[in-house]
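Colleague: One structure, pasted below without further comment.
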Amino acid sequence: MTDTTQQQVFDIIAKQAKIDVTTIKPESTLKDLGIASLEAIELIFDIEEHFDITFPDQQGANFDTDTTQSLVDAVQKALDEKAAAGEGSK
Amino acid sequence: MPTVPQMRRVVITGMGAISPLGVGAEALWQGLREGRSAIGPLQHPDADRLRVKIAAQVPASFDPTANIDERTLIMLDRTSEFALHAAREAIAQSGLDFSQNGLGVRTAVVVGTGVGGETTQDEQSKRLYAENSQRAHPLTIVRVMTNASASQISIAYGLRGPTFAVCSACASANHAIIQAAQMIRYGMADVAITGATEACLTYGALRSWEAMRVLADDTCRPFSANRRGLVLGEGAAIFVLELLEHAQARGATILAEVAGFGMTADATDIVMPSAEGSSAAMSQAMADAGLAPQDVDYINAHGTGTQANDVTESRAIRMAFGAHADRLAVSSTKSMHGHALGASGALELVAVVGAMRDSVVPPTANLDKVDPACDLDYVPNVARPMPVRAALSNSFAFGGLNAVLAIKHAP
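Chains A and B supply the protein sequences, listed in that same order. Its first residue numbered 1, the first sequence is counted upward by one per residue in my numbering. Its first residue numbered 1001, the second sequence is counted upward by one per residue in my numbering.
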């Protein structure tokens, strides 16, 4: 499912940055893709809304220096935690 | 710099505050000089579902109903309650009687606020959208409007000069104080009631701040390498500004002089600060006050505790002060009273006036480990006894707005 998650995240990034999705590489930082400060926060919001997840607060770090792969990993982690929490409550 | 004839000097003859450190300007100042932080667990009906867990809130010991008649009280949002109580303290300290000699007509009121009646707005929105009520409270508009605080002060004291609100996010207080001081300089008023107020710790506002991801989860640590963001606060501080000759003629106690000011806009990014813009505002304020960098002993920094502000502000201070930057005491009292947004600059002016009066610079609390990228003397954790001849008070706002006050010791 990791590829699917990656594809979905990349699609959201492409839409936000108004770029072709094929130009996004796992090692690209948001800054490389022209997504800075407030746009990065907006992108995080779009991703949270899309997957219905909440990223933990990440004070002290800059989203715009994160790679797209680290974002995908963070989404996958949040999805896994959500799934585990869902099973736990059954 | 525009050349402005400075025959009319402006002094402070009264101040009042409602802050997380308690009721009254003295409670605020004593807390700051003791290095006491008022940041604590967020008290809010929806605290359980919020991610933000800490804030600097006005304590429950503040009684908004004290000595305010019921007909006035029902008109007031929490924002105006703070402002009216702080104004009352300031005016009492000044000893002015506005009913005498037509003084009310020669008195202006300029009160800053970032968002105005947020508590009322939030309550009424909940009523309409969540509870499907068909009716909003009939006093919603008069409570919410951003000029409510200025108008309530005007009405309470019969002040008939220029009266309005100034709204520029986190620079609202300094912009308001500058407008008030300018009116006295230009002869439009002899007295001005000014400062700022904010009370916006509502569910909606807290959620909006969470989404920006700039809030600390531990405490506010300005200039510290382990800082994790800002901590929201609330409160008001109101001042009586007065023409120097007017104050001297009646033998008033002068607390300090509002000697100059600088205002610039970065014109770059809506949230990321620029050192060029804030540095220019500091230089303007010094030039306007007739101060050279070496005349300034203390800067009350904007010092929010965010990654972006603290490094940029430190660089801006160095740009404006050159070699003297190494001899300045710089502190952020937001480490103790939190970030009261539009009211911050007003709470911080209480700190500057207190520092001058008592010859003690308030510390930057929670400064564990100075960030190597912040290379000034931030007066860590403990107040420092030292004379303060002149000081700057910095306020920088989202939107790239910079407003700096230059304050001198009472003449």
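Where is the CB? At the ideal position from N, CA and C, for every residue including glycine.
How about residue 1166 of chain B and residue 1179 of chain B: do their beta carbons lie closer than 8 Å?
Modeller: Contact: yes.
Colleague: Ends of the beta strand (DSSP E) at residue 1408 of chain B?
Modeller: Run containing residue 1408 of chain B: 1401-1409, per the beta strand (DSSP E) assignment.
Colleague: Which residues mark the beginning and the end of the beta strand (DSSP E) in which residue 1395 of chain B is found?
Modeller: Here the beta strand (DSSP E) through residue 1395 of chain B covers 1390-1397.
Colleague: Ordered along the chain, which non-local residues of its own chain (more than five positions away) have a Cβ less than 6 Å from that of residue 1295 of chain B?
Modeller: Within the same chain, residue 1295 of chain B has close Cβ partners 1390.
Colleague: Give the residues of chain A in contact with residue 1275 of chain B, contact being defined as C-beta atoms less than 7 Å apart.
Modeller: By Cβ distance, chain A contributes nothing, its closest Cβ being about 16 Å from residue 1275 of chain B, past 7 Å.
Colleague: In the DSSP assignment, the alpha helix (DSSP H) including residue 1241 of chain B goes from what residue to what residue?
Modeller: It is not in any alpha helix (DSSP H) - residue 1241 of chain B instead sits in the beta strand (DSSP E) that spans 1235-1243.
Colleague: Secondary structure at residue 1 of chain A, three-state DSSP: helix, strand or coil?
Modeller: Caution applies to residue 1 of chain A, whose pLDDT of 47 falls short of 50 and renders its modelled position unreliable; the value that the coordinates give is listed next. Three-state result, residue 1 of chain A: coil.
Colleague: Using C-beta distances below 6 Å, list every residue in its chain close to residue 1278 of chain B, excluding the 5 sequence neighbours before and after it, in chain order.
Modeller: Cβ within range, chain order: 1316, 1396, 1402.
Colleague: Do residue 1224 of chain B and residue 1381 of chain B have their beta-carbon atoms positioned less than 8 Å apart in this structure?
Modeller: Going by C-beta atoms, residue 1381 of chain B is not nearer than 8 Å to residue 1224 of chain B.
Colleague: Let me see if you follow: with CB-CB separation under 8 Å, is residue 1368 of chain B close to chain A or not?
Modeller: For residue 1368 of chain B, the answer is no, since every Cβ of chain A falls outside 8 Å of its Cβ.
Colleague: Output yes or no for whether 8 Å exceeds the beta carbon distance between residue 1040 of chain B and residue 1079 of chain B.
Modeller: No.
Colleague: Distance cutoff 8 Å, beta carbons only. Does residue 1271 of chain B sit that close to anything in chain A?
Modeller: It does; some Cβ of chain A falls within 8 Å.
Colleague: Identify whether residue 60 of chain A lies in helix, strand or coil by the three-state DSSP scheme.
Modeller: Reliability fails at residue 60 of chain A, whose pLDDT of 44 lies under 50, so the model's placement of it is uncertain and the value that follows must be treated cautiously. Residue state, collapsed to three classes: coil.
Colleague: Just verifying my parser: in three-state terms, what is the DSSP assignment at residue 1097 of chain B?
Modeller: Coil at residue 1097 of chain B, not helix or strand.
Colleague: How many angstroms separate the CA atom of residue 1024 of chain B from the CA atom of residue 1239 of chain B?
Modeller: In a straight line, the C-alpha of residue 1024 of chain B is about 12 Å away from that of residue 1239 of chain B.
Colleague: Mapping DSSP to helix, strand and coil, what is residue 52 of chain A?
Modeller: Coil at residue 52 of chain A, not helix or strand.
Colleague: If you count every other CB in all the chains shown that lies within 10 Å of the CB of residue 7 of chain A, and 16 or more means buried, which is it?
Modeller: Result: exposed.
Colleague: Skipping 5 residues on each side, what residues in its chain have a beta carbon closer than 8 Å to that of residue 1136 of chain B?
Modeller: 1124, 1127, 1128.
Colleague: Under a three-way DSSP split, which group does residue 1037 of chain B fall into?
Modeller: Here residue 1037 of chain B sits in coil by DSSP.
Colleague: Between residue 1315 of chain B and chain A, is there a C-beta pair that is closer than 8 Å?
Modeller: Output row for residue 1315 of chain B: interface = no.
Colleague: Would you list the residues sitting across from residue 1257 of chain B in a DSSP beta bridge?
Modeller: B:1011, B:1408.
Colleague: Please state the DSSP three-state secondary structure of residue 1298 of chain B.
Modeller: Strand, per DSSP.
Colleague: Taking residue 1328 of chain B and residue 1291 of chain B to be in contact with their CB atoms under 8 Å, please state how far apart those CB atoms are, rounded to whole angstroms.
Modeller: At roughly 12 Å, the Cβ-Cβ gap does not stay under 8 Å, so residue 1328 of chain B and residue 1291 of chain B are not in contact.
Colleague: In angstroms with no decimal places, state the Cα-to-Cα distance between residue 1065 of chain B and residue 1013 of chain B.
Modeller: Spanning the two alpha carbons is a distance of roughly 26 Å.
Colleague: Since residue 1211 of chain B meets chain A, which of its residues come closer than 8 Å, beta carbon to beta carbon?
Modeller: What residue 1211 of chain B touches in chain A: 41, 45.
Colleague: Give the residues of chain A in contact with residue 1051 of chain B, contact being defined as C-beta atoms less than 8 Å apart.
Modeller: The contacting residues are 54, 57.
Colleague: Residues of chain B with CB under 9 Å from residue 37 of chain A, in chain order?
Modeller: Near residue 37 of chain A (Cβ distances below 9 Å), the residues of chain B are 1269, 1270, 1271, 1272, 1308.
Colleague: Helix, strand or coil, according to DSSP, for residue 1264 of chain B in the structure here?
Modeller: DSSP places residue 1264 of chain B in strand when its eight states are reduced to three.
Colleague: Which residue's Cα is closest to the Cα of residue 1314 of chain B: B:1348, B:1335, B:1274, B:1181?
Modeller: Minimum Cα distance to residue 1314 of chain B is reached at B:1274.
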